[in-house]
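What follows is one structure encoded as structure tokens, with my remarks underneath.
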Amino acid sequence: MILLQCVQLSKSFGAEPILENVKLEVQSRQRVALVGRNGAGKSTLLKIIAGEMTYDTGDLIIPKDVNVGYLAQSSGLESDRSIWDEMLTVFSHLQKMEKRLRDMEASMSDPAVTGQATQYDKLLKDYDQLQQDFKDKGGYQYEADIRSILSGLQFADFDYATPISSLSGGQKTRLALGKLLLTKPELLILDEPTNHLDIDTMTWLENYLSGYDGAILIVSHDRYFLDRIVDHVYELSFQQTTKYVGNYSHYLDEKAKRLELELKQFEKQQGEVKRLEEFVQKNLARASTSKRAQSRRKQLERMTMMDRPKDDDKSAQFSFQIQRQSGNDVLMTDNLAVGYDGEALTRNISLKLDRGESVALLGPNGIGKSTLLKTIHRTLEPLEGSIRFGSNVTVGYYDQEQTRLTTNKTVLQELWDEYPTTPEKDIRTVLGNFLFSGEDVLKHVRDLSGGEKARLVLAKLMMQKANFLILDEPTNHLDLDSKEVLENALIDYPGTLLFVSHDRYFVNRMATRVVELAPDGLTNYLGDYDYYAAKKAEQLEWDALKEEKTQAANATADDSDKQTKQDYEREKEMKKLERQRQRRIEASEAKIEENEEEIAAIEEQMADPNIYQDHEKSMDLNAKLEQLKAENDALMEEWESLQE
Numbered sequence: 000m001i002l003l004q005c006v007q008l009s010k011s012f013g014a015e016p017i018l019e020n021v022k023l024e025v026q027s028r029q030r031v032a033l034v035g036r037n038g039a040g041k042s043t044l045l046k047i048i049a050g051e052m053t054y055d056t057g058d059l060i061i062p063k064d065v066n067v068g069y070l071a072q073s074s075g076l077e078s079d080r081s082i083w084d085e086m087l088t089v090f091s092h093l094q095k096m097e098k099r100l101r102d103m104e105a106s107m108s109d110p111a112v113t114g115q116a117t118q119y120d121k122l123l124k125d126y127d128q129l130q131q132d133f134k135d136k137g138g139y140q141y142e143a144d145i146r147s148i149l150s151g152l153q154f155a156d157f158d159y160a161t162p163i164s165s166l167s168g169g170q171k172t173r174l175a176l177g178k179l180l181l182t183k184p185e186l187l188i189l190d191e192p193t194n195h196l197d198i199d200t201m202t203w204l205e206n207y208l209s210g211y212d213g214a215i216l217i218v219s220h221d222r223y224f225l226d227r228i229v230d231h232v233y234e235l236s237f238q239q240t241t242k243y244v245g246n247y248s249h250y251l252d253e254k255a256k257r258l259e260l261e262l263k264q265f266e267k268q269q270g271e272v273k274r275l276e277e278f279v280q281k282n283l284a285r286a287s288t289s290k291r292a293q294s295r296r297k298q299l300e301r302m303t304m305m306d307r308p309k310d311d312d313k314s315a316q317f318s319f320q321i322q323r324q325s326g327n328d329v330l331m332t333d334n335l336a337v338g339y340d341g342e343a344l345t346r347n348i349s350l351k352l353d354r355g356e357s358v359a360l361l362g363p364n365g366i367g368k369s370t371l372l373k374t375i376h377r378t379l380e381p382l383e384g385s386i387r388f389g390s391n392v393t394v395g396y397y398d399q400e401q402t403r404l405t406t407n408k409t410v411l412q413e414l415w416d417e418y419p420t421t422p423e424k425d426i427r428t429v430l431g432n433f434l435f436s437g438e439d440v441l442k443h444v445r446d447l448s449g450g451e452k453a454r455l456v457l458a459k460l461m462m463q464k465a466n467f468l469i470l471d472e473p474t475n476h477l478d479l480d481s482k483e484v485l486e487n488a489l490i491d492y493p494g495t496l497l498f499v500s501h502d503r504y505f506v507n508r509m510a511t512r513v514v515e516l517a518p519d520g521l522t523n524y525l526g527d528y529d530y531y532a533a534k535k536a537e538q539l540e541w542d543a544l545k546e547e548k549t550q551a552a553n554a555t556a557d558d559s560d561k562q563t564k565q566d567y568e569r570e571k572e573m574k575k576l577e578r579q580r581q582r583r584i585e586a587s588e589a590k591i592e593e594n595e596e597e598i599a600a601i602e603e604q605m606a607d608p609n610i611y612q613d614h615e616k617s618m619d620l621n622a623k624l625e626q627l628k629a630e631n632d633a634l635m636e637e638w639e640s641l642q643e
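Position 390 (the sequence shown) corresponds to 389 in numbering that gives the first Met the number 0; numbering is contiguous.
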């Protein structure tokens with residue numbers, strides 16, 4: 000069933016077209032991503048579909064019985080109710096049904112009603128029907144659904160009586176998402192739903208949406224998220240959409256193939272046009288070839304000319320260089336405690352960074368990741384412990400809140416005032432590399448979008464040429480293409496990196512080590528994000544197994560003496576088997592070594608010309624050699640089995 004159709008939709012703001020003849024379709028249970036650069040018009044299209052904005056021409060078709068739920072970008076929940084009461088408003092129809100059931104139960108116990116057989120039978124029948132309807136619509140599980148959603152969105156430890164008005168902006172955004180998910184619309188439209196979510200919450204949301212019964216139309220800059228969720232991608236570029244079947248990675252591959260094919264077709268046609276034009280030019284004036292030339296000219300006139308394939312390839316171009324190399328030791332913290340107003344968010348932080356490392360700092364929201372980075376950068380003072388930098392270390396810092404920008408300056412002034420000795424031409428060149436060209440450099444910082452501010456901060460950071468970069472959410476506000484450019488620049492960076500990011504794709508590409516922050520210190524994982532996630536999953540399984548064993552031990556407490564004896568016997572038997580295994584391993588290794596020495600000796604003999612020319616001797620030695628190699632293969636197989 001088709002839930003949504005956009006047919007030749009167009010939208011302009013004044014004289015500037017935003018959307019032109021846009022086509023988009025969503026069917027039941029499809030997961031559709033809308034991708035494109037910042038400013039391409041993605042949010043505008045979603046608002047039009049959600050009915051929050053009008054369109055100029057075309058058709059928007061949504062069946063009347065299709066319920067549409069829409070979450071705008073960073074739209075926080077504003078309410079005077081408590082968390083629990085606000086979530087309950089989604090189920091007001093079930094609460095009314097529940098009240099009617101209670102009223103009917105009271106009536107059924109009324110002697111005046113029970114004495115009227117006909118009236119009582121009708122009441123019983125109505126009660127049974129209402130109870131069944133209540134059950135079918137989730138009346139007995141809606142409170143559990145609320146708790147499940149709130150837990151997944153990291154509100155499990157909250158007092159549900161907390162007023163929503165007292166929450167932070169990020170918490171209100173998560174609650175708005177939770178409330179929308181509880182409504183379970185047939186078509187769920189989400190604009191950047193992963194904003195303000197930490198990695199654990201994003202993983203929960205992915206799993207929830209993977210099993211969602213309705214269809215989903217989503218805009219997101221999180222590539223991991225898109226790869227796991229979507230099965231169709233619409234790219235919005237040059238005011239129009241192009242459809243691709245598959246997830247985000249498949250879309251990138253198909254887009255590259257499609258562009259290459261279209262370019263080849265264009266170049267082939269251009270070659271044909273050139274050939275025909277040259278023929279006409281050379282032969283039109285000759286009487287003997289004039290008719291053929293006229294035929295070729297008509298062929299040219301009938302030809303539908305292809306436009307050169309366009310790729311929205313306006314990308315920032317930059318790289319991070321260093322002024323000079325640091326020593327091998329870059330950063331050392333010892334028993335560090337960080338926080339505000341004397342209250343520590345996390346303690347016992349002992350962290351060491353070596354030159355060339357790229358370390359990702361992960362942990363749930365509110366644990367103190369940004370606070371730790373600010374403390375290392377000396378923007379905040381540590382509550383306890385010490386911070387030391389190695390020799391020749393120069394620090395560059397990217398602040399996710401972009402507080403280091405001056406709002407009343409122009410883009411040009413913001414960069415030039417930091418580096419006043421650099422010629423204006425060079426400053427403009429740097430800004431051009433970050434997509435600030437022409438009149439863009441005269442924009443005031445306060446008028447820039449989030450993505451433009453991010454690019455300006457990165458431009459300042461690049462000019463600094465520091466050999467140790469501290470980055471706090473550097474991919475926030477960047478579109479997918481800009482993220483790719485930033486990753487490539489940082490991969491080639493010859494210095495040391497310490498960064499916080501919720502973008503798992505970015506972490507996976509950048510990190511040589513993952514450090515997880517907890518209230519009582521750090522845990523190191525020597526690998527990328529995939530390695531970290533696998534180890535965390537193993538730890539969860541191990542914790543669950545330990546809990547299961549603990550419960551089993553508690554359940555059999557009465558048999559503890561018997562169990563202890565059995566454990567002793569089992570351990571004794573296991574030690575015996577282990578000794579036998581070790582003896583077999585040692586015997587296998589000794590025999591393998593002995594055989595290898597004999598193999599080497601035989602191979603040396605076979606290299607002797609006198610033996611090589613003796614056919615019988617060679618045959619005997621070769622047979623012995625094959626026998627020893629086969630024996631060693633069997634021994635190696637046994638050795639590997641014993642090791643496992």
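By construction, the Cβ of each residue, glycine as well, lies at the ideal position given by its N, Cα and C atoms.
*asked:* From the DSSP secondary-structure annotation, give me the bridge partner or partners of T332.
replied: Beta-bridge partners of T332 (DSSP): L350, I386.
*Run through DSSP, which three-state label would Y233 get?*
The three-state reading of DSSP puts Y233 in strand, counting E and B together.
*Anyone know if the C-beta pair for V279 and L186 falls short of 7 Å?*
Not in contact: V279 and L186 (Cβ atoms no closer than 7 Å).
_Taking the straight line between their C-alpha atoms, what separation do you get for Y247 and I215?_
In a straight line, the C-alpha of Y247 is about 15 Å away from that of I215.
*State the CB to CB distance for the pair V394 and F498, rounded to an integer number of angstroms; the pair is presumed to be in contact (CB under 8 Å).*
At roughly 13 Å, the Cβ-Cβ gap does not stay under 8 Å, so V394 and F498 are not in contact.
*When DSSP labels each residue in this structure, what does H249 get in the three-state scheme?*
Note: H249 maps to helix in three-state DSSP.
*asked:* Taking 7 Å as the limit between beta carbons, can you name the residues of its chain near D439, skipping five residues before and five after?
replied: So the list reads V410, once near-sequence residues are dropped.
*Host beta strand (DSSP E) of K22 (start-end)*: First-last of the beta strand (DSSP E) with K22: 15-26.
*Three-state secondary structure (DSSP) of K242*: The three-state reading of DSSP puts K242 in strand, counting E and B together.
*asked:* Taking 7 Å as the threshold (C-beta atoms), are V232 and V34 in contact?
replied: In contact: V34 and V232 (Cβ atoms closer than 7 Å).
*Leaving out five residues on either side along the sequence, give the residues of the same chain with a beta carbon under 6 Å from the beta carbon of Y250.*
Within the same chain, Y250 has close Cβ partners V232, Y243.
*Output the distance between the C-alpha atoms of A105 and A116, rounded to the nearest integer angstrom.*
Roughly 16 Å between the two C-alpha positions.
*Ranges of the beta strand (DSSP E) found wholly within the region 502-552, counting only runs of at least 3*: Contiguous beta strand (DSSP E) elements confined to the region 502-552 occur at 512-517, 520-524, taking only those with 3 or more residues.
*asked:* Quick check: the Cα distance between L372 and D471, rounded to an integer number of angstroms?
replied: Using only the alpha carbons, I get a separation of about 7 Å.
_Could you tell me the alpha carbon to alpha carbon distance between L645 and P308, rounded to whole angstroms?_
Outside the shown range of the chain, which is 0 to 643, sits residue 645, and nothing can be said about it.
*How would you call D607, buried or exposed, if buried means at least 16 neighbouring beta carbons within 10 angstroms?*
Per the 10 Å Cβ criterion, exposed.
*If you run the structure through DSSP and keep just helix, strand and coil, what is K10?*
Strand at K10.
_I want to see whether chain C comes within less than 7 Å of Q26, judged by CB atoms only; does it?_
Looking at the structure shown, chain C is missing, and only one protein chain is on hand.
*Contact between the region 31-47 and the region 141-156 (3+ Cβ pairs under 8 Å)*: No, because fewer than three Cβ pairs between the region 31-47 and the region 141-156 fall closer than 8 Å, the two stretches do not touch.
*What is the DSSP secondary structure of H443, counted as helix, strand or coil?*
In the structure shown, H443 sits in a strand (DSSP, three-state: E or B).
*Mapping DSSP to helix, strand and coil, what is F133?*
Correct three-state label for F133: helix.
*Given 8 Å, three or more beta-carbon pairs between the region 265-283 and the region 221-232*: The region 265-283, when compared against the region 221-232, does not touch it at the 8 Å Cβ threshold.
*So, helix, strand or coil for F157, using DSSP?*
Three-state DSSP puts F157 in coil, outside helix and strand.
*Taking Cβ to Cβ, would you say I321 is nearer than 7 Å to K464?*
Yes. Within cutoff.
*Paired residues, beta bridge with I60 - DSSP*: In the DSSP assignment, I60 is bridged to Q4.
*Are I375 and L516 close, meaning C-beta to C-beta below 7 Å?*
No, the pair does not count as a contact, with Cβ atoms beyond the cut-off.
*Coarse secondary structure for I366, derived from DSSP in three states*: Coil.
_Nonlocal neighbours in the same chain, by C-beta distance under 7 Å from N507, ignoring five residues either side_ = Answer for N507: D527, Y528, D529, listed in chain order.
*Close Cβ partners of Y504 (< 7 Å) along its chain, the five nearest in sequence each way excluded*: Cβ contact annotation for Y504 (same chain, cutoff 7 Å, sequence separation greater than five): R222, Y223, in chain order.
_Can you check which of these residues, R354, G341, V337, G355, is closest to N347 by C-alpha distance?_
Of the candidates R354, G341, V337, G355, the residue whose Cα lies closest to the Cα of N347 is V337.
*Beta-bridge pairing of Y339 - partner residues as DSSP gives them*: E342, per the DSSP bridge assignment.
*Would a C-beta distance cut-off of 7 Å place A453 and F317 closer than the cut-off?*
No, the Cβ-Cβ distance between A453 and F317 is not below 7 Å.
*In whole angstroms, what is the alpha-carbon distance linking Q612 and D632?*
Straight-line spacing of the CA atoms in Q612 and D632 works out to 29 Å.
*What are the start and end residues of the alpha helix (DSSP H) that includes Y207?*
Run containing Y207: 198-209, per the alpha helix (DSSP H) assignment.
*Straight-line Cα distance separating P518 from L379*: Straight-line Cα distance between these residues: approximately 18 Å.
_Which residue wins for smallest C-alpha separation from T172, given the options N194, D125, G210?_
Looking at the Cα atoms, N194 is the closest of the given residues.
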